[in-house]
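Each remark here refers to the structure printed beneath this line.
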Amino acid sequence: MGKLFTIGEVLIDFIPFQKGVALKDVVSFKRAPGEAPANVAAAVSKYGQKAALISKLGKDAFGDFLVERLVEAGVETDEVYRTREANTGLAFVSLKENGERDFSFYRNPSADLLLSEEEVEPTWFQAGDILHFCSVDLVESPMKQAHKKAIAAVSAADGLVSFDPNVRLPLWEDPEDCRRAILEFLPTADIVKVSDEELSFITGIKEESDSIQSLFVGNVKAVVYTKGAAGADLILIDQKFKSSGYSVEPVDITGVGDAFIGRFLYQILELHANPENLEEVLRDHQAVILQFANACGALTTTGKGAISALPTKKEVEELIENQN
171 MGKLFTIGEV
181 LIDFIPFQKG
191 VALKDVVSFK
201 RAPGEAPANV
211 AAAVSKYGQK
221 AALISKLGKD
231 AFGDFLVERL
241 VEAGVETDEV
251 YRTREANTGL
261 AFVSLKENGE
271 RDFSFYRNPS
281 ADLLLSEEEV
291 EPTWFQAGDI
301 LHFCSVDLVE
311 SPMKQAHKKA
321 IAAVSAADGL
331 VSFDPNVRLP
341 LWEDPEDCRR
351 AILEFLPTAD
361 IVKVSDEELS
371 FITGIKEESD
381 SIQSLFVGNV
391 KAVVYTKGAA
401 GADLILIDQK
411 FKSSGYSVEP
421 VDITGVGDAF
431 IGRFLYQILE
441 LHANPENLEE
451 VLRDHQAVIL
461 QFANACGALT
471 TTGKGAISAL
481 PTKKEVEELI
491 ENQN
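Here you go:
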C-alpha cells in the first residue's frame, strides 16, 4: 500500500473566536496547526492511510506545538527538520460572518523555506506513493529546490504527483511571480486540483472550458475543478464528470479545499492508482471519489480550524445518505 507525502509549509493558524470582527479588533484566538500540506496529510491519515509531511520548523515553542499536533493527527514527522536559523511561521486569521477569511502572515522567511534539496532523500519514496504540494513554498528559496528534487524522486519511483496551486497572493511580492511558479511546476503533476476562484488567474484564459483544457500539459492526466458549495468536476483529457455539493451551515471555510483533496487522494491510495492506471481508476470510480470528497469538504466548514474540523468517516457517510 502506498503512502502520501506532502511537502511545504506548516504554520500555526491563530483563529479568532469572534466572526465579523476586523483582525485589529479580535480579542482572543485559538491556535491550530495549519496550511495545506499539513491539512492534507492529516486528512489522509484520519481516514486510514499512511501520510508524512516533508518540511522544516523552527526550534521554538511553536514548532514543538506543531510536531505534537501532527503526531496526534497521525501524520509521520520523521521528515520534518528543525532549525534555529528561522522561526516557525504564523498566520493570523479574521473570519467574516459567512466563514470567509482574511490572513496576516508572519514568515519572512519562516523555517519551512529553509528546507534544502540535500535534506530530501530519494529513498523515502516507493512505487504507489503520492507526493502532494502547493504553490506557497515555490518562492525563490531552498524549499523550491527541495520540491524539485522530491518531485523527481517520487516520479522516478513510479509514484504519483498531485498539485494544488492554492494561490495565496499576500505571500508573493508580485502576483506574476506566483503565476510563473505555478506554470513552471504544473507539467510535473499527474493530478491538478484548481478552484473556480483561481483558474483564470493561473491560465490567463477567461473561458472556463478552454482554461481547464490548457492545464493539460506535461504529465497532467486529471484536473479536479472545485466550485465551492456547487461541488466539483473531474476532467480527464477526453471526459468530464460532475458532482454536486452538499448543503451545510458554514462556520469557517479554513481547510475546505485541503479536506476535499485529502479525501480524494486517500481514495486514490485505496485504489492502488499509479501513473499508468490513474485515468482508468478515475473513470471507474469517479462518482464515489467525488461524492466522498465533496462531503468531507462540506463538513469541514462546520467547525473551526482545518485539522480539528475534519469529519469522521461516519459523519461523511451520514451526510451523503441524508442528502442523496
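Positions in the sequence shown are counted from 1; adding 170 to them yields this note's numbering. Idealized CB from N, CA, C, for every residue including glycine. Please read these numbers as outputs of a predicted model, since none were measured by experiment.
{"query": "Residues in its own chain within less than 6 angstroms of Gln315 by CB, not counting five upstream and five downstream?", "result": "Glu287"}
{"query": "Going by DSSP in three states, Ser370 sits in which element: helix, strand or coil?", "result": "helix"}
{"query": "Could you work out which residue in Ser384, Ile405 and Glu242 is closest to Val393 when comparing CA atoms only?", "result": "Ile405"}
{"query": "Return yes when the Cβ of Gln461 is within less than 7 angstroms of the Cβ of Ile490, no when it is not.", "result": "yes"}
{"query": "Can you find at least 3 beta carbon pairs, one from the segment 429–439 and one from the segment 322–337, that sit closer than 8 angstroms?", "result": "yes"}
{"query": "Roughly how far, in whole angstroms, is the beta-carbon of Lys397 from the beta-carbon of Asp366, given that I think they are within contact range, below 8 angstroms?", "result": "5 angstroms"}
{"query": "May I ask which residues mark the beginning and end of the beta strand (DSSP E) holding Tyr395?", "result": "Ala392 to Thr396"}
{"query": "Quick one: Cα of Val324 to Cα of Thr358, how far?", "result": "11 angstroms"}
{"query": "Name the two residues that bound the continuous alpha helix (DSSP H) containing Val290.", "result": "Premise fails: Val290 is in no alpha helix (DSSP H) and is neither H nor E."}
{"query": "By DSSP's criteria, Asp183 is part of a beta bridge. Which residues make up the other side?", "result": "Ala202 and Ala261"}
{"query": "Would the beta-carbon of Asp282 fall within 7 angstroms of that of Ser215?", "result": "no"}
{"query": "Please report the distance separating the alpha-carbon of Thr472 from that of Val451.", "result": "31 angstroms"}
{"query": "For Asp299, does the count of other Cβ atoms within 10 angstroms reach 16, so buried, or fall short, so exposed?", "result": "buried"}
{"query": "Tell me, to the nearest whole angstrom, how far the beta carbon of Tyr395 is from that of Ala465; I am working on the premise that it is less than 8 angstroms.", "result": "That belief does not hold up - the Cβ atoms of Tyr395 and Ala465 are roughly 17 angstroms apart, past 8 angstroms."}
{"query": "Select from Ser274, Leu308, Val263 and Phe273 the residue whose C-alpha is nearest the C-alpha of Leu284.", "result": "Leu308"}
{"query": "Can you tell me whether Glu343 is buried or exposed? The criterion is at least 16 other CB atoms within 10 Å of its CB, across all chains shown.", "result": "exposed"}
{"query": "In three-state terms, what does DSSP make of Ile423?", "result": "coil"}
{"query": "Skipping 5 residues on each side, what residues in its chain have a beta carbon closer than 7 angstroms to that of Val196?", "result": "Pro186, Gln188 and Ser264"}
{"query": "Taking 7 angstroms as the cut-off, decide whether the C-beta atoms of Ile158 and Val210 are in contact.", "result": "A question about residue 158 goes unanswered here, because the residues of the chain that appear run from 171 up to 494."}
{"query": "State the Cα-Cα distance for the pair Ser280 and Asp230, rounded to the nearest angstrom.", "result": "12 angstroms"}
{"query": "Please report the straight-line C-alpha distance between Asp234 and Ser381, rounded to a whole angstrom.", "result": "42 angstroms"}
{"query": "DSSP three-state label for Asp282, please.", "result": "helix"}
{"query": "Exposed or buried, what is Val458 when buried is set at 16 or more other beta-carbons lying within 10 Å of its beta-carbon?", "result": "exposed"}
{"query": "In the DSSP assignment, find the unbroken beta strand (DSSP E) run with Val250 in it and report its ends.", "result": "Val250 to Thr253"}
{"query": "Note down, in chain order, each residue of its chain lying with its Cβ closer than 6 angstroms to the Cβ of Lys220, except the 5 sequence neighbours on either side.", "result": "Lys173"}
{"query": "Taking C-alpha atoms, which residue in Phe262, Ala212, Tyr217 and Leu223 lies nearest to Val191?", "result": "Phe262"}
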